[in-house]
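Following this line, the structure appears as structure tokens:
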């Protein structure tokens with residue numbers, strides 16, 4: 012078993028969490044040798060070897076693992092590629108970068124033989140990628156559905172629990188360090204979407220570009236929506252969802268859902284994440300754990316680092332399978348659609364309207380609409396400030 | 012990737028489940044070539060090559076995987092050893108055999124280089140062994156606690172849900188095929204104990220003999236106990252528990268627990284299993300899935316079989332670690348102890364009695380007692396027909 016000397020990029024919430032976790036377990040098999048940050052002079056109150064020059068990491072012959080935990084996707088991609096080309100294994104937590112570049116990163120791993128692990132990128136402390144890759148690795152898998160973003164879940168939980176406004180709940184999530192530095196990544200569903208793209212590769216063996224998936228966030232959620240959900244005995248959660256239909260086509264979405272209490276993820280509160288993996292024969296599996304915060308995510312990064320001690324790498328078995336499901340937007344969703352101005356109803360071509368409510372302030376319909384139409388009108392929906400949530404019958 | 016030709020021992024609920032699952036997915040990478048059963052003439056309504064002679068399996072040069080799903084632990088151990096000595100990888104679901112012989116089986120795997128996988132033995136469809144082995148593989152793990160037996164959970168759920176008697180609930184579990192052929196294995200806690208022994212090896216790297224662990228089942232549970240739990244807003248579940256204490260000693264137990272609603276496993280109903288993995292930094296992880304029945308367990312066996320395609324084997328990293336926690340019975344439990352005859356109170360040397368209730372039919376105390384004393388008096392407790400449950404403060 013080899014000793015791992017880490018070259019770390021980034022010292023934000025997760026980087027700091029990893030640093031503390033490694034310090035606390037006091038292992039002599041893993042140590043952080045050098046940390047590359049933007050400003051090496053900033054006082055971080057820790058004893059470590061900081062640099063602002065990536066070359067200091069790549070030219071250090073003792074460093075045999077790169078851990079990349081920075082925010083910027085472009086720099087992240089550059090460092091990861093550079094490391095893999097050096098033959099250095101990499102652990103990354105940057106879901107945006109991975110979701111954008113996964114096909115190239117898979118090719119680069121195969122070309123160089125160096126491993127890239129990123130379980131921490133997908134659901135904080137839940138080992139969802141590793142399980143999809145290693146355990147749910149046969150044709151039995153039918154869907155993966157989950158609460159993939161801790162900070163929006165925290166916001167929604169506070170809104171439902173304490174009746175506070177969206178703005179106040181967001182502020183609290185940011186104070187607790189759950190939210191990304193750019194809140195749009197969380198609240199507009201981007202973070203969940205990137206995770207869903209990565210999950211889909213490991214669950215079903217196909218890569219779908221983020222821009223080809225319907226994504227809708229929670230930033231337009233208002234009191235009327237919360238009231239509607241409460242009246243129906245439901246809760247609103249931001250859900251990422253990929254499902255193989257019986258004809259082997261594959262649908263994906265990231266959007267709020269009105270969940271009834273009989274769903275496992277109904278009870279996933281605070282900043283937790285929860286993932287339901289459904290299979291033809293085993294029924295539903297539910298995995299649940301902390302989805303945000305430096306220590307849980309740092310622990311998850313450390314699990315990936317530990318796996319490198321044994322030369323673990325993803326085999327992308329399903330990518331290499333002979334048959335793949337085909338991604339489609341050709342399916343109908345039953346949705347709750349709340350709008351303020353009457354002309355906003357026309358944004359979506361509903362194939363059927365099942366309920367309609369109008370008032371002097373807010374209006375809503377419950378109706379059927381195709382996923383393709385949701386996707387085609389995503390930008391108009393966001394600009395109109397309406398709220399859209401899947402509203403399944405059960 | 013190689014084609015797997017299975018020699019299958021046993022065609023009970025799980026064997027049949029595996030047969031159906033493999034038939035349904037129609038993979039050309041996995042097939043069942045021969046099935047060894049006690050009575051090869053019995054009509055099972057399926058097209059397969061049955062034999063009653065184990066030699067027919069071991070002498071078939073095309074068979075390259077042994078799957079062992081029989082009830083009898085002695086025969087199971089014989090076939091598994093024979094297969095490993097032949098250099099054939101084995102998948103087994105026999106927790107009793109594995110729990111009894113794990114040290115020899117680990118040694119035999121290392122000697123022969125052939126793999127033995129048994130994730131299906133531990134929690135039906137939940138991949139708990141694989142995750143403990145591969146993901147929670149560092150010093151951060153502090154405890155594993157769970158509902159490990161589907162049929163007792165089904166029985167307890169029916170008793171609490173519908174107010175039916177223990178005997179009636181047991182009968183229904185047996186009708187549904189959830190119970191082992193010998194109900195004592197389930198209801199007296201043996202099945203949970205065997206799984207806990209296996210989990211402990213993969214979680215903490217030490218093997219503890221089943222007879223060294225305090226085990227208490229649910230067969231003496233009566234109306235008074237159910238009433239007590241209800242009055243306190245709790246539910247009774249049969250819980251297997253292993254925990255590393257801050258001084259690095261390790262405690263284990265299998266016994267009923269009075270669980271409050273703030274515990275994840277409080278809500279694990281029907282025949283489901285649920286496992287909470289707790290770590291120093293990531294907090295609690297919860298995994299949940301079907302713990303009994305032919306299809307879920309058959310799917311889990313198939314996941315192990317699929318792993319053999321890639322020559323996966325457990326590395327028993329924690330067994331090979333330099334330091335191990337030390338197993339101890341030296342800890343105190345707060346328990347609920349219900350007895351009918353006054354002299355039964357003296358069986359256990361309580362260090363403190365916190366509550367006492369007497370009536371013309373049933374009596375109980377809530378008190379503190381050492382795990383060592385529970386273990387020392389296990390047989391008397393069982394013979395006296397009393398009921399014992401852990402009753403933690405929160």
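Chains as they are written, first to last, in the numbering used here: chain A, 12 to 405; chain B, 12 to 405.
Quick reminder that beta carbons are idealized off the backbone N, C-alpha and C, glycines included.
Small disclaimer: the values here were computed from a predicted structure and weren't measured.
Helix, strand or coil: which one does DSSP assign to residue i?
{"i": "residue 92(A)", "result": "helix"}
{"i": "residue 16(B)", "result": "strand"}
{"i": "residue 353(A)", "result": "helix"}
{"i": "residue 335(A)", "result": "coil"}
{"i": "residue 296(A)", "result": "strand"}
{"i": "residue 157(A)", "result": "strand"}
{"i": "residue 326(A)", "result": "coil"}
{"i": "residue 50(A)", "result": "coil"}
{"i": "residue 65(A)", "result": "helix"}
{"i": "residue 81(B)", "result": "coil"}
{"i": "residue 97(A)", "result": "coil"}
{"i": "residue 220(A)", "result": "coil"}
{"i": "residue 43(B)", "result": "strand"}
Leaving aside the five residues before and after residue i along the sequence, list all residues of the same chain whose C-beta is less than 8 Å from its C-beta, in chain order.
{"i": "residue 209(A)", "result": "106, 109, 110, 113, 129, 132, 133, 140"}
{"i": "residue 290(A)", "result": "147, 151, 152, 153, 296"}
{"i": "residue 368(A)", "result": "374, 375, 376"}
Please classify residue i: is it buried, with 16 or more other beta-carbons within 10 angstroms of its beta-carbon, or exposed?
{"i": "residue 199(B)", "result": "buried"}
{"i": "residue 96(A)", "result": "exposed"}
{"i": "residue 35(A)", "result": "exposed"}
{"i": "residue 370(B)", "result": "exposed"}
{"i": "residue 257(B)", "result": "exposed"}
{"i": "residue 45(B)", "result": "buried"}
{"i": "residue 321(A)", "result": "exposed"}
{"i": "residue 57(A)", "result": "exposed"}
{"i": "residue 405(A)", "result": "exposed"}
{"i": "residue 267(B)", "result": "buried"}
{"i": "residue 8(B)", "result": "Because chain B here runs from 12 to 405, residue 8(B) falls outside it and cannot be looked at."}
{"i": "residue 273(A)", "result": "exposed"}
{"i": "residue 244(A)", "result": "exposed"}
{"i": "residue 206(A)", "result": "buried"}
{"i": "residue 142(A)", "result": "buried"}
{"i": "residue 362(B)", "result": "exposed"}
Answer yes or no: does any C-beta atom of chain D fall closer than 8 Å to that of residue i?
{"i": "residue 136(A)", "result": "No chain D appears in this structure, whose protein chains are A and B."}
Kindly give me the distance between the Cβ atoms of residue i and residue j, rounded to whole angstroms, as I take these residues to be in contact under 8 Å.
{"i": "residue 127(B)", "j": "residue 116(B)", "result": "6 Å"}
{"i": "residue 392(B)", "j": "residue 378(B)", "result": "Wrong, their Cβ atoms sit about 14 Å apart, outside the cutoff."}
{"i": "residue 218(A)", "j": "residue 212(A)", "result": "5 Å"}
{"i": "residue 138(A)", "j": "residue 314(A)", "result": "7 Å"}
{"i": "residue 94(B)", "j": "residue 102(B)", "result": "The Cβ separation is near 10 Å, so there is no contact."}
Short of 7 Å in beta carbon distance, which residues of its chain neighbour residue i, apart from the five on each side in sequence? Order them along the chain.
{"i": "residue 203(B)", "result": "159, 160, 249, 251, 265"}
{"i": "residue 383(A)", "result": "340, 341"}
{"i": "residue 135(B)", "result": "161, 284, 300, 301, 302, 303, 307, 308, 311"}
{"i": "residue 246(B)", "result": "171, 240, 270, 277"}
{"i": "residue 336(A)", "result": "215, 217, 255, 259, 260, 261"}
{"i": "residue 73(A)", "result": "16, 44"}
Residue i touches chain A at which residues, Cβ-Cβ below 9 Å?
{"i": "residue 189(B)", "result": "Correct list: empty, because the minimum Cβ distance to chain A is about 14 Å."}
{"i": "residue 141(B)", "result": "141, 142, 145, 146"}
Run through chain B and tell me which residues come within less than 9 Å of residue i, C-beta to C-beta.
{"i": "residue 318(A)", "result": "145, 146, 148"}
{"i": "residue 326(A)", "result": "321"}
{"i": "residue 306(A)", "result": "291, 292, 293, 294"}
Just to confirm my understanding: we take residue i, look at its own chain, exclude 5 residues before and 5 after, and list those with CB closer than 6 Å. What are they?
{"i": "residue 20(B)", "result": "47, 79, 81, 90"}
{"i": "residue 360(B)", "result": "384"}
{"i": "residue 175(B)", "result": "169"}
{"i": "residue 325(B)", "result": "144"}
{"i": "residue 120(B)", "result": "127"}
{"i": "residue 40(A)", "result": "14"}
Give the interface partners of residue i over in chain B, defined as CB-CB distance under 8 Å, in chain order.
{"i": "residue 314(A)", "result": "146, 147, 148, 149"}
{"i": "residue 309(A)", "result": "292"}
{"i": "residue 241(A)", "result": "The contacting residues do not exist; residue 241(A) stays about 21 Å from chain B at best."}
Output, in chain order, the set of chain B residues within a Cβ distance shorter than 7 Å of residue i.
{"i": "residue 330(A)", "result": "Simply none; closest approach about 14 Å."}
{"i": "residue 50(A)", "result": "The premise fails here: residue 50(A) is roughly 27 Å from chain B at the closest Cβ pair, so nothing lies under 7 Å."}
Check the Cβ of residue i against every Cβ in chain A and list those closer than 8 Å, keeping chain order.
{"i": "residue 300(B)", "result": "293, 294, 295, 296, 297"}
List, in chain order, every chain A residue whose beta-carbon is nearer than 7 Å to that of residue i.
{"i": "residue 32(B)", "result": "292"}
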